[in-house]
Amino acid sequence: MAMHLQTMTKARTGFRRLPGTLRRFLLIATLLLATVPAHAIDSRKTAVALAHQAAKAFEAGEMDRAAQAYLEAWHTDSSEPNYLYGAARAEQSAGQRERAEEHYRQFVAMANADPARVSKAKAYLTEFDGIRSDEKVQAAERAEKRGEWRVATAAYSEAWRLRQDRLALLLKTARAAKEDGDTKQAEASLRTYLARAPGNAPDRGEAQAMLDALAGKPVVVTPVEPAAATEAPHAAPMPMPMPTIAEPAKPMSNRRLAGWWTLGSGAAIAVTGAALIVLGKSAEAQFNQDLGYDGTVVHGDLTYGQATSRAAWIGSLQTTGVTMLGVGVAVAGVGTALILTSPEAKVALVPDWHGFALAGRF
């Protein structure tokens with residue numbers, strides 16, 4: 523205990539002997555280190571509280587309120603992708619398809635998003651494309667009844683672009699284009715169909731015959747395997763369950779947060795101490811050069827008072843550096859111990875859409 527008090531006394535004395543600018547820098551750095559983690563903790567706590575409200579609203583069937591609360595949680599702590607996923611699910615359940623699609627796409631693009639939920643989000647996006655494709659088909663059929671073949675051609679073509687696993691839409695596009703007199707569009711749609719459709723497709727004969735008639739001669743198109751990006755099998759539309767929204771991942775424990783903060787503070791003190799030692803060594807070399815001492819006679823222009831003053835300052839600088847380096851290493855060691863002994867260092871509860879799962883973590 524006495525050695526600890528003596529070390530702290532030396533550290534305070536050394537700190538007072540530092541130049542004013544350096545002292546102010548160290549004080550500001552310490553205040554920032556103490557303020558930023560507290561602010562981060564408050565933001566996470568606020569986001570978790572909002573997520574709790576959102577989950578309760580979701581369970582109660584109040585989807586608009588759930589979506590709003592999840593979005594507020596997301597804006598408060600954007601490091602947790604689950605909040606954005608929860609908002610998208612609530613919006614989807616509330617019939618806000620465009621907003622849900624926007625937030626699903628944002629969620630899928632996040633690097634730290636849960637892979638299982640990314641897969642579900644992609645399935646929902648595919649389902650949205652299917653709904654829009656159906657709407658385009660309905661518009662095309664209405665245009666056909668009115669004899670508006672150009673409108674029908676464009677609508678069928680757009681429906682195919684949204685869902686390229688629906689090859690029958692290419693034939694409908696070709697028929698509408700033929701009625702409109704757009705031979706180029708009809709031929710392009712038929713060639714695409716024949717290239718992508720399997721060899722035993724029931725409509726291949728009709729498509730080949732239409733293409734032959736348009737081209738004026740037989741055209742043989744060899745079927746090819748569809749590209750993975752455009753011919754991915756379409757999963758059956760997923761049902762719209764109303765599951766209980768699992769709580770987002772809990773923030774780190776106070777022990778772990780304190781460990782990281784202590785480790786960072788110790789590292790900063792140690793780096794400052796090392797810098798002071800290097801500065802002292804440099805000042806010592808310059809002092810010896812200015813002194814011009816050859817072992818017998820001093821050849822420099824320094825007076826005795828100047829020499830003793832600079833020597834004392836250099837000694838104080840090096841002592842302070844060594845003290846801060848030692849204190850920094852010790853503080854960093856305490857922080858490391860706190861991190862290693864925190865609950866998260868062994869087993870953590872990871873939130874899952876259907877509950878929680880155990881996962882090892884360091």
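Under this note's numbering, the first residue of the sequence shown is numbered 523, with each subsequent residue one higher.
Ideal placement from N, C-alpha and C gives every residue a C-beta, glycine not left out.
### Message
Along the chain, where does the alpha helix (DSSP H) containing residue 604 start, and where does it finish?
### Response
603-615
### Query
To which residues of the same chain is residue 593 closer than 7 Å at the C-beta, ignoring the five residues directly before and after it?
609
### Message
Assuming residue 681 and residue 662 are in contact, meaning their beta carbons sit under 8 Å apart, how far apart are those beta carbons, in whole angstroms?
### Response
7 Å
### Task
Specify the secondary structure class of residue 812 as computed by DSSP and reduced to three states.
helix
### Task
Mark residue 784 as exposed unless 16 or more other C-beta atoms lie within 10 angstroms of its C-beta, in which case mark it buried.
buried
### Query
Just checking my contact of residue 595 with residue 573 at CB under 8 Å: how many whole Å lie between their CB atoms?
5 Å
### Query
So which of 705, 634, 845, 621 has the shortest CA-CA distance to residue 671?
705
### Task
Can you have a look at residue 604 and say buried or exposed, based on whether 16 or more other CB atoms are within 10 angstroms of its CB?
buried
### Message
Counting C-beta neighbours from all protein chains within 10 Å, is the total for residue 624 16 or more, i.e. buried, or is it exposed?
### Response
exposed
### Nearest-angstrom Cα separation, counted from residue 641 out to residue 632
13 Å
#### Entry: Rounded straight-line distance, which links the Cα of residue 621 to that of residue 854
46 Å
### Message
Can you give me the C-alpha to C-alpha distance between residue 630 and residue 700, rounded to a whole angstrom?
### Response
40 Å
### Message
Given this structure, state the Cα-to-Cα distance separating residue 667 from residue 587, to the nearest angstrom.
### Response
43 Å
### Proximity of residue 585 and residue 565 at Cβ, strictly below 9 Å
no
### Message
Going by DSSP, what residue range makes up the alpha helix (DSSP H) through residue 627?
### Response
619-630
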